[in-house]
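Okay, structure first, notes after.
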Amino acid sequence: DAGVIQSPRHEVTEMGQEVTLRCKPISGHNSLFWYRQTMMRGLELLIYFNNNVPIDDSGMPEDRFSAKMPNASFSTLKIQPSEPRDSAVYFCASSLAGHQNTEAFFGQGTRLTVV
Amino acid sequence: AQKVTQAQTEISVVEKEDVTLDCVYETRDTTYYLFWYKQPPSGELVFLIRRNSFDEQNEISGRYSWNFQKSTSSFNFTITASQVVDSAVYFCALSEESGGGADGLTFGKGTHLIIQP
Numbered sequence: 001d002a003g004v005i006q007s008p009r010h011e012v013t014e015m016g017q018e019v020t021l022r023c024k025p026i027s028g029h030n031s032l033f034w035y036r037q038t039m040m041r042g043l044e045l046l047i048y049f050n051n052n053v054p055i056d057d058s059g060m061p062e063d064r065f066s067a068k069m070p071n072a073s074f075s076t077l078k079i080q081p082s083e084p085r086d087s088a089v090y091f092c093a094s095s096l097a098g099h100q101n102t103e104a105f106f107g108q109g110t111r112l113t114v115v
Numbered sequence: 116a117q118k119v120t121q122a123q124t125e126i127s128v129v130e131k132e133d134v135t136l137d138c139v140y141e142t143r144d145t146t147y148y149l150f151w152y153k154q155p156p157s158g159e160l161v162f163l164i165r166r167n168s169f170d171e172q173n174e175i176s177g178r179y180s181w182n183f184q185k186s187t188s189s190f191n192f193t194i195t196a197s198q199v200v201d202s203a204v205y206f207c208a209l210s211e212e213s214g215g216g217a218d219g220l221t222f223g224k225g226t227h228l229i230i231q232p
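The listed protein sequences derive, respectively, from chains V and Z. Just so you know, the first sequence maps onto residues 1 to 115 in this note's numbering. Just so you know, the second sequence maps onto residues 116 to 232 in this note's numbering.
Put into structure tokens, the structure is as follows:
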């Protein structure tokens with residue numbers, strides 16, 4: 001299995017621009033998570049989905065952030081408009097929830113720089 | 116609310132020394148899961164171990180061992196005979212009920228471990 005795949009690996013954008021981060025979870029996993037890592041705040045859970053349905057988005061910092069999961073094999077995290085303080089590494093993770101639940105497997109992350 | 120505390124921000128030891136990374140957690144649930152992840156300089160997050168709240172048996176995997184004590188709400192991680200390749204940031208994490216499979220992880224701030232040759 002290729003693992004969780006995130007794209008792009010690096011993104012540099014200007015303040016005010018729209019940014020879209022993409023994630024392909026491990027095939028067969030039914031839970032998907034978006035995390036953000038910064039020096040100041042560490043690793044924070046932004047939002048998670050179970051069976052493509054958003055369950056908890058209380059970690060999403062502002063209305064500028066939105067996430068979708070149109071199907072079991074794809075999710076996006078969008079920031080519009082982006083601001084310098086959004087600069088961070090964004091991780092996507094997936095797992096199998098239920099009777100045979102597994103730990104979360106992480107993608108390699110997207111390093112976002114907003115200038 | 117759940118919380119994970121890793122009081123050691125950075126630890127530096129010489130290769131071959133043993134080192135213990137501390138983790139203290141808070142949760143109101145009786146069913147929960149504890150994890151350790153490793154983040155090497157390359158940046159990815161690597162799963163090391165998961166324990167559920169009903170299993171306090173210590174675990175050993177090669178040079179790695181974990182000590183889970185519910186009485187002190189701690190889940191400490193020991194590396195025996197450390198090696199330079201162990202240098203990384205180590206995160207302790209907590210998930211309530213679903214084992215990290217359905218409700219996300221609360222991470223500690225991490226401990227940066229430096230192994231000097």
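Where a beta carbon is used, it is the ideal one built from N, C-alpha and C, also for glycine.
- In this structure, Val89 (chain V) and Arg111 (chain V) form a Cβ contact; the two beta carbons are roughly 5 Å apart against a cut-off of 8 Å.
- The residue among Z:Arg166, Z:Val139, Z:Val199 and Z:Ala122 with its C-alpha nearest the C-alpha of Asp133 (chain Z) is Z:Val199.
- Annotated three-state conformation of Lys185 (chain Z) is helix, per DSSP.
- For the pair of segments examined, the region 185-205 of chain Z was found not to touch the region 27-40 of chain V: the number of CB pairs separated by less than 8 Å stays below three.
- Taking a Cβ-Cβ threshold of 9 Å, none of the residues of chain V is close to Lys153 (chain Z); the smallest such distance is about 11 Å.
- The alpha carbon of His10 (chain V) has as its nearest neighbour, out of V:Arg22, V:Ala2 and V:Gly16, the alpha carbon of V:Arg22.
- The three-state reading of DSSP puts Val19 (chain V) in strand, counting E and B together.
- The residues Glu44, Leu45, Leu46 and Ile47, in chain order, have a CB closer than 7 Å to that of Gly59 (chain V) in the same chain once the five nearest residues on each side in sequence are set aside.
- Leu220 (chain Z) belongs to the set of residues whose beta carbon lies under 8 Å from a beta carbon in chain V.
- Distance from the CA atom of Met39 (chain V) to the CA atom of Arg85 (chain V), rounded to whole angstroms, is 12 Å.
- In terms of beta-carbon proximity, Gln108 (chain V) lines the interface with chain Z, with at least one pair separated by less than 8 Å.
- Interface criterion not met: the Cβ of Val12 (chain V) is under 8 Å from no Cβ in chain Z.
- Interface annotation, Phe33 (chain V): in contact with chain Z, CB-CB separation under 8 Å.
- Inter-segment contact for the region 188-196 of chain Z and the region 137-148 of chain Z is present: three or more beta-carbon pairs are separated by less than 8 Å.
- Uninterrupted beta strand (DSSP E) stretches at least 3 residues long and entirely within the region 27-102 of chain V occur at 31-38, 42-50, 53-56, 65-71, 74-79 and 88-95, given in chain order.
- In terms of Cα proximity to Ser180 (chain Z), the closest of Z:Ser186, Z:Arg165 and Z:Phe169 is Z:Arg165.
- Between Glu83 (chain V) and chain Z, the shortest Cβ-Cβ separation is not below 8 Å.
- Against chain Z, the beta carbon of Gly42 (chain V) has neighbours under 9 Å at Phe206, Phe222, Gly223, Lys224 and Gly225, listed in chain order.
- Under the three-state reduction of DSSP, Val115 (chain V) is assigned to coil, being neither helix nor strand.
- Residue pairing by DSSP places Ala116 (chain Z) in no beta bridge whatsoever.
- Excluding the 5 residues flanking it on each side, Thr187 (chain Z) has same chain C-beta neighbours closer than 8 Å at Val139, in chain order.
- Secondary structure note for Thr135 (chain Z): its beta strand (DSSP E) is the uninterrupted segment Val134 to Leu136.
- Judged by their CB atoms, Leu160 (chain Z) and Asp201 (chain Z) are not nearer to each other than the 8 Å cut-off.
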